[in-house]
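This is the structure:
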């Protein structure tokens with residue numbers, strides 16, 4: 058999930074990789090850095106999470122080399138949308154969320170897409186994953202506009218942990234990135250390992 | 579066309595030159611002139627159209643809008659320009675579909691220059707017989723940019739330049755007259771004055787075309803006949 062704060066954004070994910078009931082790994086990376094202030098989180102089929110993040114990084118790298126500048130969050134949204142829609146009739150089973158600050162204006166940005174690339178930009182938060190309903194409920198309760206980085210960290214952590222605890226196949230560890238204009242803070246949460 | 583020849587017709591001469599490109603540059607220098615001036619407020623393109631008395635001026639387009647934020651003009655062979663314009667327009671739309679915004683001038687120029695270079699190293703084709711001047715935004719949210727592309731595909735960024743007939747004299751004139759802080763109106767007047775030097779006949783909306791990129795609106799457009807007439811009358 059990702060949330061907007063005052064001049065900052067947060068993105069968080071659990072770290073479970075499972076095959077139905079069996080938990081295979083508790084350290085699975087689902088959030089990827091695409092720029093110093095730009096992150097994408099991918100929920101869904103693990104192989105597609107890895108493939109989409111790699112193919113996306115490929116396109117972003119070429120873009121940055123050609124354009125000689127960092128990709129903007131809004132542009133990244135278009136790139137991901139395009140990448141996913143190319144596979145409209147045999148899609149990647151991922152539902153990405155994007156969180157970042159504009160490289161020039163430092164304006165916060167969060168967005169999510171469905172598996173065939175429909176983009177959705179919101180002013181508050183975005184969620185995706187098996188416990189999305191629970192996450193929506195939690196976010197709606199804990200989020201308020203203009204939270205500062207520390208408050209945002211508390212909000213997103215509580216939202217993620219409690220939503221994941223209400224879902225059998227989510228959880229088993231969590232990681233949170235708080236993205237501010239001059240730094241990114243990454244924290245691992247002490248979660249219920251069940 | 580390319581099925582008959584698998585070798586490039588543009589080959590090196592013993593002195594190390596690509597003669598076809600030299601000849602193409604000669605075609606350009608004999609083509610009807612155009613010039614561009616970049617200031618902080620934007621970029622101005624001005625082109626002369628050589629028309630017989632009975633020709634319909636509106637059917638000949640010398641300044642072309644490649645995308646809402648980029649325009650181009652040329653000296654040389656008009657059909658070659660039309661082909662390149664068509665390609666450039668399509669490339670801009672592909673870019674817009676992919677990235678959600680139109681490419682800045684350097685990105686457009688890079689793609690067009692790749693196309694022009696292909697035609698100097700492919701089987702059965704000849705180089706484009708045009709040099710073009712691109713005007714547009716230098717980078718998203720930035721100020722304007724003016725680029726020249728020659729038949730070989732080399733790109734040069736300019737503050738002000740003239741190509742085509744009398745380009746040498748006009749370039750010298752531009753060097754004297756150039757100032758970065760001119761307003762758009764002053765820039766258009768300066769461009770028209772420089773074009774007037776060596777212009778055959780009377781300047782009118784019939785044989786002059788003007789295109790302007792404004793930094794403030796981040797938009798490129800070609801002027802209407804009446805707007806062109808106003809600027810010409812003012813100088």
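Protein chains in written order, with my numbering: chain A, 58 to 251; chain B, 579 to 813.
Even for Gly, the Cβ is constructed at its ideal location relative to N, Cα and C.
CB contact check: residue i to chain A, cutoff 8 Å
i: residue 677 of chain B; result: yes
i: residue 685 of chain B; result: yes
i: residue 784 of chain B; result: no
i: residue 794 of chain B; result: no
i: residue 688 of chain B; result: yes
Beta-carbon proximity of residue i to residue j, cut-off 8 Å
i: residue 235 of chain A; j: residue 210 of chain A; result: yes
i: residue 137 of chain A; j: residue 113 of chain A; result: yes
i: residue 154 of chain A; j: residue 185 of chain A; result: yes
i: residue 609 of chain B; j: residue 637 of chain B; result: no
i: residue 603 of chain B; j: residue 765 of chain B; result: no
i: residue 791 of chain B; j: residue 649 of chain B; result: yes
i: residue 747 of chain B; j: residue 776 of chain B; result: yes
i: residue 663 of chain B; j: residue 681 of chain B; result: no
i: residue 244 of chain A; j: residue 158 of chain A; result: no
i: residue 605 of chain B; j: residue 719 of chain B; result: no
i: residue 193 of chain A; j: residue 156 of chain A; result: no
i: residue 635 of chain B; j: residue 784 of chain B; result: yes
i: residue 168 of chain A; j: residue 178 of chain A; result: yes
i: residue 217 of chain A; j: residue 58 of chain A; result: yes
i: residue 613 of chain B; j: residue 772 of chain B; result: yes
i: residue 71 of chain A; j: residue 229 of chain A; result: yes
As assigned by DSSP and simplified to three states, the class of residue i
i: residue 694 of chain B; result: helix
i: residue 749 of chain B; result: helix
i: residue 194 of chain A; result: helix
i: residue 176 of chain A; result: strand
i: residue 687 of chain B; result: helix
i: residue 168 of chain A; result: strand
i: residue 667 of chain B; result: helix
i: residue 129 of chain A; result: coil
i: residue 625 of chain B; result: strand
i: residue 603 of chain B; result: helix
i: residue 143 of chain A; result: coil
i: residue 120 of chain A; result: helix
i: residue 61 of chain A; result: strand
i: residue 699 of chain B; result: coil
i: residue 83 of chain A; result: coil
i: residue 240 of chain A; result: coil
i: residue 111 of chain A; result: helix
Buried or exposed by the 16-neighbour rule on C-beta atoms within 10 Å, applied to residue i
i: residue 170 of chain A; result: buried
i: residue 800 of chain B; result: buried
i: residue 593 of chain B; result: exposed
i: residue 188 of chain A; result: buried
i: residue 149 of chain A; result: buried
i: residue 240 of chain A; result: exposed
i: residue 588 of chain B; result: buried
i: residue 214 of chain A; result: buried
i: residue 583 of chain B; result: exposed
i: residue 770 of chain B; result: buried
i: residue 82 of chain A; result: exposed
i: residue 127 of chain A; result: buried
i: residue 779 of chain B; result: exposed
i: residue 750 of chain B; result: exposed
i: residue 77 of chain A; result: exposed
i: residue 728 of chain B; result: buried
Proximity test, Cβ basis, 8 Å: residue i and chain B
i: residue 94 of chain A; result: no
i: residue 124 of chain A; result: yes
i: residue 118 of chain A; result: no
i: residue 135 of chain A; result: yes
i: residue 131 of chain A; result: yes
i: residue 139 of chain A; result: yes
i: residue 167 of chain A; result: no
i: residue 178 of chain A; result: no
i: residue 233 of chain A; result: no
i: residue 154 of chain A; result: no
i: residue 81 of chain A; result: no
i: residue 226 of chain A; result: no
i: residue 151 of chain A; result: no
i: residue 161 of chain A; result: yes
Residue ranges of each beta strand (DSSP E) run of no fewer than 3 residues wholly in the region 719 to 746 of chain B, ordered along the chain? 722 to 727, 733 to 736, 738 to 741
Whole alpha helix (DSSP H) elements within the region 760 to 799 of chain B, 4-residue minimum: 762 to 774
Taking beta-carbon pairs under 9 Å, can you tell me which members of the region 709 to 735 of chain B lie near chain E? The structure shown contains no chain E; its protein chains are A and B.
Length at least 4, wholly inside the region 197 to 226 of chain A: the alpha helix (DSSP H) runs in chain order: 206 to 222
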